[in-house]
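*Asks:*
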Amino acid sequence: MNDAPHHHQWFDRALEMYQAGHEDNSIDLLTRLLGEDPDHADAHALLALCLVQRQRIHAARTEAGIALASAPESAFAHLAMASALMALRRYTLAGDHIETALSLEPENASALRISARLDLLRERLRAAQEKAERACALDPTEADNWALRAAISRAGGDRMLARAHAMHALELDPEHVHALVALGFCDLHDGRREEARAHALWALQLAPGDEDVHTLLAAVKASESLLLGLWWRFQSFVAGGSTRRTLLLLVGLYLAYRALDITLRTQGLQAWSPVLTGAWFAFCAYTWFAPVLFQRNLRRELESVRLRPDY
Amino acid sequence: MPAFARAGARYRIPDEPRPTGLARHAVSAVWPLLAVMFAGFAPGIAWFAFNLHALGSPAPLRQWVLIVVGVIGVPLVALAALMAADAGHLDDTSLQYALLAVPAVKLALAYTLLLHQLPLAELLEHYERPLKNGMPALLLFAILAHALIDPKTLPWYAALLLR
Numbered sequence: 184m185n186d187a188p189h190h191h192q193w194f195d196r197a198l199e200m201y202q203a204g205h206e207d208n209s210i211d212l213l214t215r216l217l218g219e220d221p222d223h224a225d226a227h228a229l230l231a232l233c234l235v236q237r238q239r240i241h242a243a244r245t246e247a248g249i250a251l252a253s254a255p256e257s258a259f260a261h262l263a264m265a266s267a268l269m270a271l272r273r274y275t276l277a278g279d280h281i282e283t284a285l286s287l288e289p290e291n292a293s294a295l296r297i298s299a300r301l302d303l304l305r306e307r308l309r310a311a312q313e314k315a316e317r318a319c320a321l322d323p324t325e326a327d328n329w330a331l332r333a334a335i336s337r338a339g340g341d342r343m344l345a346r347a348h349a350m351h352a353l354e355l356d357p358e359h360v361h362a363l364v365a366l367g368f369c370d371l372h373d374g375r376r377e378e379a380r381a382h383a384l385w386a387l388q389l390a391p392g393d394e395d396v397h398t399l400l401a402a403v404k405a406s407e408s409l410l411l412g413l414w415w416r417f418q419s420f421v422a423g424g425s426t427r428r429t430l431l432l433l434v435g436l437y438l439a440y441r442a443l444d445i446t447l448r449t450q451g452l453q454a455w456s457p458v459l460t461g462a463w464f465a466f467c468a469y470t471w472f473a474p475v476l477f478q479r480n481l482r483r484e485l486e487s488v489r490l491r492p493d494y
Numbered sequence: 120m121p122a123f124a125r126a127g128a129r130y131r132i133p134d135e136p137r138p139t140g141l142a143r144h145a146v147s148a149v150w151p152l153l154a155v156m157f158a159g160f161a162p163g164i165a166w167f168a169f170n171l172h173a174l175g176s177p178a179p180l181r182q183w184v185l186i187v188v189g190v191i192g193v194p195l196v197a198l199a200a201l202m203a204a205d206a207g208h209l210d211d212t213s214l215q216y217a218l219l220a221v222p223a224v225k226l227a228l229a230y231t232l233l234l235h236q237l238p239l240a241e242l243l244e245h246y247e248r249p250l251k252n253g254m255p256a257l258l259l260f261a262i263l264a265h266a267l268i269d270p271k272t273l274p275w276y277a278a279l280l281l282r
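Chains as they are written, first to last, in the working numbering: chain A, 184 to 494; chain B, 120 to 282.
So, in structure tokens, the structure goes:
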């Protein structure tokens, strides 16, 4: 590893950018750093974390693998690998890397947080809570820790505690998207629809592509009108998840249409076949225009939000 | 100017597009997908095959394997269904359902290639390398395919692959 002093500066700068949510800038700086020092294990690991955020999961896994090959005893590299594996839904393998990271650095708050997040994904709330509390005790000024505790409390049904944790996270970082989402869900469940909507839109401004934000907004819409809520939920489902899911859904629908058409014709219901074909073409047209409508609807929602002056 | 802004050498991330002389012909993968739908399976897949090199795919072999498997798979699937019907395992109605496997394989291949190529196209745009508009080529393919390909004059497997 080439230990030029400016590499430390670049790495620290890239880490700051990543933590501030500027993954693209961080990736740019890291690729320059690695251009000069291709064996910088921490840079490979941080690059993996940035790539996970940018949904480039397979490249992230490769980068984390390179980091681990150069530094098998690096907790940071194990956490980067765990993040990539969690994004690939390989939870057991991710858990192994988190365990290794924690055995190397038992007091690592990031490792505890990732471990708690994995437990939350696997619905092991008690274990998640315990780890999130330990992470909080180690680093009480980190908003992520409190937002995570809010998410765990919400999953456990304790909305009062979830609200308190989310508020605490927002005191530390007023733009913490997941704290805003947790607070929005608490508001919605407590019947404060307007506050929930404001929190959802504020989070949407900060992270327009975040799936949790869309889920909250869909829930707010559903509380206003069942039909509108269903549309938002469907549109978020189609647009939100992976491209793979969207495409599988559309191919599946096409095959279902063709199968139904054959059924109609073989059952002597030929008269309904043009109706079905018309409905299918209408749906196809809808899939072309729906994203535009959805984005316009989102923009309208964003324009309509006026945060209280004392917010 | 910060030191990193002056640095020249850049590390290449494994999923990044490779430099290629065909880059000016690269299009978004949506266009070859539309060509599969409007011009036919063979023209669309051929465009996907060309585009994977134009985009500078870092793993072209995987996509080529998919293309070969798909091109062999389409007539094989149809042949299997027809042989099952010939052997009396499928009646006319069941055969119609079984033949749905043909568009399923075609669409699955086209969408899988799309999934491979879309992120590459997005990365090229991210690095400010503009993509070509695929609309003129799509129109040309669609018009030529309808003018030149008459499925009735072709053997069944060729018709299946071309349309």
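Ideal Cβ placement from N, Cα and C applies to all residues, glycine included.
Taking only beta-carbon atoms, is Ile132 (chain B) less than 8 Å away from chain A?
*Replies:* Interface residue, yes.
*Asks:* By the criterion of Cβ-Cβ separation under 8 Å, what are the contact partners of Gln215 (chain B) in chain A?
*Replies:* Those are Ile445, Thr449, listed as they occur along chain A.
*Asks:* From the beta carbon of Leu217 (chain A), is the nearest beta carbon of chain B less than 8 Å away?
*Replies:* Taking Cβ atoms only, chain B reaches closer than 8 Å to Leu217 (chain A), which makes this a yes.
*Asks:* Is Tyr230 (chain B) close to chain A, meaning its C-beta is less than 8 Å from at least one C-beta of that chain?
*Replies:* Yes, contact with chain A.
*Asks:* Does any CB atom of chain B fall closer than 8 Å to the CB of Val235 (chain A)?
*Replies:* With 8 Å as the cut-off, Val235 (chain A) does not count as an interface residue toward chain B.
*Asks:* Kindly indicate the opening and closing residues of the alpha helix (DSSP H) around Arg307 (chain A).
*Replies:* Segment: none, Arg307 (chain A) is in no alpha helix (DSSP H) and carries neither H nor E.
*Asks:* So, Asp322 (chain A) versus Ala365 (chain A), is the Cβ gap smaller than 8 Å?
*Replies:* Cβ atoms of Asp322 (chain A) and Ala365 (chain A): not closer than 8 Å.
*Asks:* Comparing the C-beta of Leu229 (chain A) with each C-beta of chain B, is any distance below 8 Å?
*Replies:* False, the Cβ-Cβ gap to chain B never drops below 8 Å.
*Asks:* I want to verify the contact list: residues of chain A whose CB lies under 7 Å from the CB of Leu226 (chain B), in sequence order.
*Replies:* What Leu226 (chain B) touches in chain A: Val434, Tyr437.
*Asks:* For Thr460 (chain A), would you say it is in contact with chain B, using Cβ-to-Cβ distances shorter than 8 Å as the test?
*Replies:* Output row for Thr460 (chain A): interface = no.
*Asks:* Starting from Lys314 (chain A), follow its DSSP beta bridges and name the residues at the other end.
*Replies:* Answer by DSSP bridge pairing: none, since Lys314 (chain A) is not bridged.
*Asks:* From Ala220 (chain B) to Pro138 (chain B), what does the alpha carbon distance come to, in whole angstroms?
*Replies:* If I take the Cα positions, the gap works out to 38 Å.
*Asks:* With a threshold of 8 Å between beta-carbons, can Pro457 (chain A) be considered close to chain B, or not?
*Replies:* No, Pro457 (chain A) lies away from the interface with chain B (no Cβ there is under 8 Å from its Cβ).
*Asks:* Does any residue of chain B bring its CB to less than 8 Å from the CB of Ala405 (chain A)?
*Replies:* Not closer than 8 Å to any Cβ of chain B, the Cβ of Ala405 (chain A) fails to qualify, so no.
*Asks:* Could you tell me which chain B residues have their CB closer than 9 Å to the CB of Arg479 (chain A), listed as they occur along the chain?
*Replies:* The premise fails here: Arg479 (chain A) is roughly 21 Å from chain B at the closest Cβ pair, so nothing lies under 9 Å.
*Asks:* My understanding is that Leu399 (chain A) touches Phe420 (chain A), with C-beta atoms under 8 Å, so please give their C-beta distance in whole angstroms.
*Replies:* That pair is no contact at about 14 Å.
*Asks:* Starting from Pro221 (chain A), find everything on chain B with Cβ-Cβ shorter than 9 Å and list it in chain order.
*Replies:* Within 9 Å Cβ-Cβ: Tyr130.
*Asks:* To the nearest angstrom, report how far apart Gly340 (chain A) and Arg346 (chain A) are at their CA atoms.
*Replies:* Using only the alpha carbons, I get a separation of about 11 Å.
*Asks:* For a contact defined as C-beta to C-beta under 9 Å, what are the partners of Ala288 (chain B) on chain A?
*Replies:* Nothing about residue 288 (chain B) can be read from this structure; chain B reaches only from 120 to 282.
*Asks:* Does the CB of Ala334 (chain A) have a neighbour CB from chain B at under 8 Å?
*Replies:* With 8 Å as the cut-off, Ala334 (chain A) does not count as an interface residue toward chain B.
*Asks:* Excluding the 5 residues preceding and the 5 following Glu325 (chain A) in the sequence, name in chain order all residues of the same chain whose CB lies nearer than 7 Å to its CB.
*Replies:* Contacts found: Ala292.
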